[in-house]
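Asks: Handing you a structure now.
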Amino acid sequence: MKAVRWVLGLIVMGLHYLTLPRRGKRSEQEQKQVEQALTGYALYQLPTCPFCVKVRRAMRRLNLPLELRDVRADERHRQDLINGGGKMKVPCLRIDHSNGSSEWMYESKDIVAYLEGRFPLQKS
């Protein structure tokens with residue numbers, strides 16, 4: 000089963016890189032504001048997870064340079080996810096609020112909808 004997952008992961012990654020969406024465009028000032036707002040955000044993910052790929056594609060399309068935290072490669076990130084979010088499930092968007100609290104958002108569909116609503120691109 001591990002070998003099947005490994006092969007499928009390679010296929011997912013290959014298709015992802017072959018079909019990367021274009022980065023969204025913002026004015027330089029707007030992009031700096033977005034990047035400043037993203038300082039409290041992190042995406043806990045696995046590189047070959049199809050749902051994580053979906054979120055990363057949306058991030059690219061929206062031109063959102065979020066910090067990516069690989070829960071397989073870094074034990075500290077895995078423990079942060081379990082301790083803070085309550086479960087070992089990816090993708091998970093961590094949003095640190097200015098009052099010191101953290102919000103943990105699971106489900107790729109919810110994460111993409113949140114990012115599209117919070118950081119929309121201007122229609123040309």
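Sequence positions in the sequence shown follow numbering that gives the first Met the number 0 and run 0 to 123. For glycine and all other residues, C-beta sits at the position ideal for the given N, C-alpha and C. If you're wondering where the values come from, they're calculated on a predicted model, not measured in any experiment.
1. Hey, could you find the ends of the beta strand (DSSP E) Q44 is sitting in?
2. Expressed to the nearest angstrom, what Euclidean distance is found between the alpha-carbon atoms of R4 and W103?
3. Keeping to the same chain, check which residues put their C-beta closer than 8 Å to that of N62; ignore five residues upstream and five downstream.
4. Quick check on the DSSP output: the alpha helix (DSSP H) that includes M106 runs from which residue to which?
5. Going by alpha carbons, who is nearest to R93 out of R77, I81, L42?
6. CB-CB under 6 Å to C48, same chain, minus the five flanking residues each way: which ones, in chain order?
7. Please state whether the Cβ-Cβ distance between S101 and G85 is less than 9 Å.
8. Would the beta-carbon of L114 fall within 9 Å of that of V54?
9. Apart from the five residues on each side of it in sequence, which residues of its chain come closer than 6 Å, Cβ to Cβ, to Y105?
10. CA-CA distance, R59 and M0?
11. Go through its chain and collect everything with a Cβ distance to R77's Cβ below 6 Å, but skip five positions before and after it.
12. Does DSSP classify C91 as helix, strand or coil?
Replies: Looking at the coordinates:
1. Note, Q44: beta strand (DSSP E), 40-44.
2. Cα-Cα distance, rounded: 26 Å.
3. Taken in chain order, the residues that qualify are R22, G23, K24, R25, Q30, V33, L120.
4. A small correction: the amino acid at residue 106 is Glu; Met does not occupy that position in the sequence shown. Careful: E106 lies outside any alpha helix (DSSP H) and carries neither H nor E.
5. Residue L42 is the option with its Cα nearest to R93.
6. Residues of the same chain with a CB within less than 6 Å of the CB of C48, apart from the 5 flanking positions on each side, are V89 in chain order.
7. No, they are not a contact pair.
8. Yes, Cβ-Cβ distance for L114 and V54 is below 9 Å.
9. Excluding positions up to five away in sequence, the list reads K88, C91.
10. Cα to Cα, the separation comes out at about 31 Å.
11. Within the same chain, and ignoring the five residues on either side of R77 in sequence, the residues whose Cβ sits closer than 6 Å to its Cβ are V70.
12. If DSSP states are grouped into helix, strand and coil, C91 belongs with the strands.
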